[in-house]
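Peer 1:
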Amino acid sequence: MANAPNVGLIPLFLASILTSNILLSNFLGTCSFISISKDFKSSMGLGVAVTMVIGLCSAVCWAVLRYIIEPLGIVYLSFIIFIIVIAGVVQMLEMIIDRFSPSLYMALGIFLPLITVNCAVLGVILFMQIRNYNFLQSVVFGFGSGAGWWLAIMLLASIRTKLDANSAVPAGLKGTGITMITIGFMAMAFIGFSGMIAVQ
Amino acid sequence: MNPILTGPLAVAGISTILALIISILDKLLNNYGQLDITINGKKTLNVRGGSPLLGTLAAEGIFVPSACGGRGSCGACKCKVLTDVGPHLPTETPYLSPDEIARNVRLACQVKVRKNLEIELPEELFSVKKFTSRVESIKDLTYDIKEVLLALEGQEIEFQAGQYVQLVVPPYGDIAESVQRAYSMSSRPSDKKRVELLVRLVPGGIATTWVHKFLKQGQQVEVVGAFGEFHIHDTPAAMICVAGGSGMAPFKSMLYHMNETGAFPEKEIWYFFGARSLRDMFYLDEMRELSARWPRFHFVAALSEPKPEDNWTGETGLITDVLDRYLQSKVDAGKGLEGYLCGSPGMINACINVMKKNGMGEDKIYFDKFA
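Respectively, the protein sequence lines represent chains A and B. All you need for this note's numbering is the position in the first sequence, starting with 1, plus 159. All you need for this note's numbering is the position in the second sequence, starting with 1, plus 9.
Here it is as structure tokens:
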């Protein structure tokens with residue numbers, strides 16, 4: 160097993176939110192990013208859900224990777240196993256939230272199953288695998304990436320609320336068109352952060 | 010260990026462990042104990058919590074209509090929930106009007122029973138019953154539509170021509186759970202001991218595959234009913250009925266009912282039935298025979314793509330174009346017109362447009378859309 164990279168937890172957390180934002184630098188998880196960001200409330204719900212799921216799944220998948228996949232020498236199956244584990248963890252999370260916080264469940268309810276197929280979750284876990292993070296690094300990187308995704312969707316939602324109220328957008332660009340252009344600008348802005356913290 | 014075995018075994022093992030944890034969690038967490046559901050402030054049911062309201066009520070013998078079987082895709086199972094069960098879910102809002110949302114109308118399949126509930130249901134739902142029946146006959150009407158005749162055992166069904174029942178499909182093959190699907194009754198209301206359904210095979214459809222591939226004569230089948238708002242309106246206005254495929258069902262019931270009882274004697278009846286070619290057409294002889302001996306009934310069959318070997322001499326073209334032509338030249342709108350439509354959402358929307366174009370009021374167009 161290769162050694163974990165020498166990165167502090169706080170720089171890693173900041174890096175995963177800003178300099179290597181999972182959405183705006185890696186463009187993972189864009190489908191729900193574009194479709195849900197129409198309104199502020201849903202974006203909030205989805206952001207919280209994504210953060211929780213990525214954080215939790217990277218912890219669980221780290222353990223599965225270190226204690227099952229690597230000892231058995233079945234790294235070639237890690238994609239499939241990660242997907243199964245993500246689906247299972249999301250299902251459990253849904254049941255637990257349903258039982259203990261009905262109000263949170265009402266807010267997140269339909270987003271949780273949706274996240275199972277969000278590529279950002281698998282993406283973060285695969286980065287974690289490639290970069291050989293240790294347990295703490297994985298958890299921090301997971302929550303950080305989730306928070307970065309959350310930040311990005313909140314930014315986009317607020318921009319879109321303003322854009323929708325503005326009649327200057329040409330008819331042909333309304334909706335997804337102008338959203339894609341907006342995301343492009345946001346990604347360029349986030350590039351400004353690159354090089355400030357090195358995590359890889 | 011053999012490396013070929015390790016991989017699959019590990020994947021299977023991980024899946025099993027996850028499934029185990031999930032089912033244990035489900036047992037522990039999804040246990041809300043015994044709860045009370047009060048209906049219309051009169052009737053109280055003591056039920057086990059943790060399941061959607063729709064299924065919980067059905068287990069108690071109260072059948073709220075549902076065309077999709079609780080998947081949240083038809084919006085039929087509306088019921089008023091007086092207890093605060095949280096805001097409307099995004100899965101409910103597309104099926105509810107702002108007015109209904111304000112009045113706390115919910116979809117019963119999306120509301121989970123977590124605490125004592127107070128709900129309101131229309132009184133007539135209490136007359137909805139579950140019937141046990143035996144398959145008396147199954148006939149092929151076309152290559153993909155079957156006529157299924159069910160003989161009810163012990164009970165009699167009361168319904169209006171145009172209403173539907175839900176067919177209970179037991180688990181079969183790879184389908185692990187029982188589902189219910191709605192089918193219009195094509196039998197006459199006077200025949201209280203039998204229910205006839207027309208079922209078109211939908212590729213991949215759970216219920217239609219079961220009816221077409223698994224259901225046998227003599228087999229026991231359960232149906233729940235009768236439901237539905239689709240019925241003949243008591244006015245002198247002429248009926249403009251349009252159907253395609255198994256959309257024939259409610260009209261067969263309405264037509265034979267009116268012919269048999271002489272009900273609504275002032276109504277002229279126009280029935281437009283569309284199919285692609287002759288192999289999709291059925292009941293042609295029956296309908297022609299009916300129109301020959303019943304002056305106020307006019308039957309117009311149309312093929313959109315007749316084949317040369319069909320030797321078709323009737324109307325050709327899309328049913329909407331045929332309808333348009335007749336509305337402009339042949340139909341007498343003297344006593345007013347009412348539209349009755351049954352078929353695919355696409356066909357219904359197209360027909361509504363044609364009818365509106367020809368001056369029919371949208372509030373006088375009634376339809377039964379396949380969910």
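We put the CB at the ideal spot given by N, CA and C, even for glycine.
Let's see if you can read the secondary structure: which residues bound the alpha helix (DSSP H) around B:Gly64?
Peer 2: Along the second sequence, one-based indexing puts residue 64 of chain B at 55. Segment Leu62 to Ala68, the alpha helix (DSSP H) holding B:Gly64.
Peer 1: With a threshold of 8 angstroms, are at least 3 pairs of Cβ atoms found where one atom belongs to the region 122 to 131 of chain B and the other to the region 45 to 60 of chain B?
Peer 2: The region 122 to 131 of chain B is in contact with the region 45 to 60 of chain B.
Peer 1: Applying a beta-carbon distance threshold of less than 9 angstroms, which residues of chain B neighbour A:Gly247?
Peer 2: Working through the first sequence from its first residue, we reach residue 247 of chain A at position 88. Those within 9 angstroms of A:Gly247 in chain B are Ile23, Ser24, Ile26, Leu27, Ala28, Ile30 and Ile31.
Peer 1: Is there at least one Cβ from chain A nearer than 9 angstroms to B:Ala439's Cβ?
Peer 2: The question about residue 439 of chain B has no answer, for chain B in this structure spans 10 to 380.
Peer 1: Count the C-beta pairs between the region 313 to 327 of chain A and the region 182 to 202 of chain A that are closer than 8 angstroms, then say yes if the count reaches three, no if not.
Peer 2: Taking 8 angstroms as the limit for Cβ pairs, the verdict is that the region 182 to 202 of chain A does touch the region 313 to 327 of chain A.
Peer 1: Evaluate B:Asn55 with the Cβ neighbour count: other Cβ atoms within 10 Å of its Cβ, from every protein chain shown; 16 or more gives buried, anything less gives exposed.
Peer 2: Here residue 55 of chain B is taken as the residue at index 46 of the second sequence, counted from 1. Counting Cβ neighbours within 10 Å, B:Asn55 comes out exposed, since fewer than 16 surround it.
Peer 1: Would you grab the beta carbon distance between B:Val230 and B:Ser142 for me? Rounded to a whole angstrom, and I think it's under 8 angstroms.
Peer 2: For the purposes of this step, residue 230 of chain B is taken as residue 221 along the second sequence, with counting starting at 1. For the purposes of this step, residue 142 of chain B is taken as residue 133 along the second sequence, with counting starting at 1. Yes, B:Val230 and B:Ser142 are in contact; Cβ-Cβ is about 5 angstroms, under 8 angstroms.
Peer 1: Pull out every residue of the region 30 to 55 of chain B whose Cβ sits closer than 8 angstroms to any Cβ of chain A, in chain order.
Peer 2: Cβ contacts with chain A: Ile30, Ile31, Leu34, Asp35, Leu38 and Asn39.
Peer 1: Could you give the residue range of the alpha helix (DSSP H) that holds A:Trp221?
Peer 2: To locate residue 221 of chain A, count along the first sequence from 1; it is residue 62. Looking at the DSSP string, the run of the alpha helix (DSSP H) that includes A:Trp221 is Phe199 to Val223.
Peer 1: Tell me the residue span of the alpha helix (DSSP H) that contains A:Thr189.
Peer 2: In the first sequence, the residue the question calls residue 189 of chain A occupies position 30. That run of the alpha helix (DSSP H) goes Thr189 to Ile195.
Peer 1: When you compare the CB positions of A:Ile337 and A:Ser202, do they come within less than 9 angstroms of one another, or not?
Peer 2: The residue labelled residue 337 of chain A in the question sits at position 178 within the first sequence. The residue labelled residue 202 of chain A in the question sits at position 43 within the first sequence. Not closer than 9 angstroms, so no.
Peer 1: So if DSSP puts B:Val144 in a beta bridge, which residue, or which two residues, is it bridged to?
Peer 2: Reading the second sequence from its first residue, position 135 is the one you call residue 144 of chain B. In DSSP, B:Val144 forms a bridge with B:Leu159.
Peer 1: In its own chain, which residues sit with a C-beta less than 7 angstroms from the C-beta of A:Leu171, not counting the 5 before and 5 after it?
Peer 2: Taking the first residue of the first sequence as 1, we reach residue 171 of chain A at position 12. Result list for A:Leu171: Gln296, Val299, Phe300, Gly303 and Val358, in chain order.
Peer 1: Check whether the Cβ atoms of B:Ile361 and B:Gly370 lie closer than 9 angstroms to each other.
Peer 2: Taking the first residue of the second sequence as position 1, residue 361 of chain B is located at position 352. Taking the first residue of the second sequence as position 1, residue 370 of chain B is located at position 361. Against a cut-off of 9 angstroms, the Cβ pair of B:Gly370 and B:Ile361 comes out as no contact.
Peer 1: Answer yes or no: does any C-beta atom of chain B fall closer than 9 angstroms to that of A:Pro164?
Peer 2: The residue you call residue 164 of chain A lines up with position 5 of the first sequence. Not one chain B Cβ lies under 9 angstroms of A:Pro164.
Peer 1: Got a sec: is the Cβ-Cβ distance from A:Asp257 to anything in chain B below 9 angstroms?
Peer 2: Looking up residue 257 of chain A in the first sequence gives position 98. Yes, A:Asp257 lies at the interface with chain B (some Cβ there is under 9 angstroms from its Cβ).
Peer 1: Pop quiz: B:Val233 and B:Lys139 are said to be a contact at Cβ under 8 angstroms. What is the actual Cβ separation, rounded to whole angstroms?
Peer 2: For the purposes of this step, residue 233 of chain B is taken as the residue at position 224 of the second sequence. For the purposes of this step, residue 139 of chain B is taken as the residue at position 130 of the second sequence. Between B:Lys139 and B:Val233 the Cβ distance is about 5 angstroms, and since that is below 8 angstroms, they are a contact.
Peer 1: Taking contact to mean 3 or more Cβ pairs, one atom from each stretch, closer than 8 angstroms, check whether the region 190 to 202 of chain B and the region 315 to 333 of chain B are in contact.
Peer 2: Not touching, per the Cβ criterion.
Peer 1: Against B:Val20, what residues of chain A qualify as contacts under a CB-to-CB distance less than 9 angstroms, listed in chain order?
Peer 2: Locating residue 20 of chain B in the second sequence gives position 11, where the first residue counts as 1. Near B:Val20 (Cβ distances below 9 angstroms), the residues of chain A are Ile233, Leu236, Ile239, Ile240 and Ile243.
Peer 1: Are there 16 or more other CB atoms within 10 angstroms of the CB of B:His242, so buried, or fewer, so exposed?
Peer 2: To locate residue 242 of chain B, count along the second sequence from 1; it is residue 233. Burial call: exposed.
Peer 1: Within a Cβ cutoff of 8 angstroms, which residues of the same chain sit near B:Gln226, ignoring the five residues on either side of it in sequence?
Peer 2: The residue you call residue 226 of chain B lines up with position 217 of the second sequence. Val144, Glu145, Ser146 and Ile147.
Peer 1: Just to confirm, are B:Pro61 and B:Val122 a CB contact at a threshold of 9 angstroms?
Peer 2: As a working note, residue 61 of chain B is residue 52 in the second sequence. As a working note, residue 122 of chain B is residue 113 in the second sequence. Closer than 9 angstroms, so yes.
Peer 1: When we look at the beta-carbon of B:Pro274 and count the other beta-carbons within 10 Å, is it buried (16 or more) or exposed?
Peer 2: Residue numbering aside, residue 274 of chain B sits at position 265 when the second sequence is read from its first letter. Burial call: exposed.
Peer 1: Taking A:Ser326 as the query, report the chain D residues whose CB atoms sit under 7 angstroms from its CB, ordered along the chain.
Peer 2: Any reference to chain D falls outside this structure, whose protein chains are A and B.
Peer 1: Against chain A, with Cβ distances strictly below 9 angstroms, would B:Thr65 count as a contact?
Peer 2: Numbered from 1 along the second sequence, position 56 holds the residue referred to as residue 65 of chain B. False, the Cβ-Cβ gap to chain A never drops below 9 angstroms.
Peer 1: Go through its chain and collect everything with a Cβ distance to B:Ser187's Cβ below 7 angstroms, but skip five positions before and after it.
Peer 2: Stepping through the second sequence from its first residue, residue 187 of chain B is reached at position 178. Closer than 7 angstroms at the Cβ level, and outside the excluded window around B:Ser187, lie Val177, Val178, Pro179 and Pro180.
Peer 1: Please confirm if B:Lys121 has its CB atom under 9 angstroms from at least one CB of chain A.
Peer 2: Working through the second sequence from its first residue, we reach residue 121 of chain B at position 112. Yes, B:Lys121 counts as interfacial toward chain A.
Peer 1: Could you check how far apart the C-beta atoms of A:Gly279 and A:Ile342 are, in whole angstroms? I think they sit under 8 angstroms.
Peer 2: What you label residue 279 of chain A is simply residue 120 of the first sequence in a count that begins at 1. What you label residue 342 of chain A is simply residue 183 of the first sequence in a count that begins at 1. The question names Gly, but residue 279 of chain A is Ala in the sequence shown. Incorrect: roughly 14 angstroms between the Cβ atoms, too far for contact.
Peer 1: Using a Cβ-Cβ distance under 9 angstroms, would B:Leu98 count as near chain A?
Peer 2: Indexing the second sequence from 1 puts residue 98 of chain B at position 89. At least one chain A Cβ lies under 9 angstroms of B:Leu98.
Peer 1: Can you find a CB in chain A that lies within less than 9 angstroms of the CB of B:Gly58?
Peer 2: The residue you call residue 58 of chain B lines up with position 49 of the second sequence. For B:Gly58, the answer is no, since every Cβ of chain A falls outside 9 angstroms of its Cβ.
Peer 1: Who are the Cβ neighbours of A:Leu215 in its own chain at under 7 angstroms, not counting the five residues just before and after it?
Peer 2: For this step, residue 215 of chain A is matched to residue 56 along the first sequence. Hits under 7 angstroms: Val248 and Leu252.
Peer 1: Examine chain A for any beta-carbon lying closer than 9 angstroms to the beta-carbon of B:Gly345, and answer yes or no.
Peer 2: Here residue 345 of chain B refers to the residue found at position 336 when the second sequence is read from its first residue. Chain A contact via Cβ: absent.
Peer 1: For my contact list, B:Gly345 and B:Ala246 are in at a C-beta cut-off of 8 angstroms; report their separation, rounded to the angstrom.
Peer 2: Sequence index remark: in the second sequence, residue 345 of chain B carries index 336 (1-based). Sequence index remark: in the second sequence, residue 246 of chain B carries index 237 (1-based). About 4 angstroms separates the two Cβ atoms, so the contact holds.
Peer 1: Check the Cβ-Cβ distances between B:Thr15 and every residue of chain A, and say whether any is below 9 angstroms.
Peer 2: By one-based count along the second sequence, residue 15 of chain B stands at place 6. So, interface residue.
Peer 1: Under 9 angstroms, do A:Leu281 and A:Phe241 count as touching if we go by C-beta distance?
Peer 2: As a working note, residue 281 of chain A is residue 122 in the first sequence. As a working note, residue 241 of chain A is residue 82 in the first sequence. A contact, by the Cβ cut-off of 9 angstroms.
Peer 1: Tell me, to the nearest whole angstrom, how far the beta carbon of B:Arg197 is from that of B:Tyr280; I am working on the premise that it is less than 8 angstroms.
Peer 2: Within the second sequence, the letter at position 188 stands for residue 197 of chain B. Within the second sequence, the letter at position 271 stands for residue 280 of chain B. Incorrect: roughly 16 angstroms between the Cβ atoms, too far for contact.
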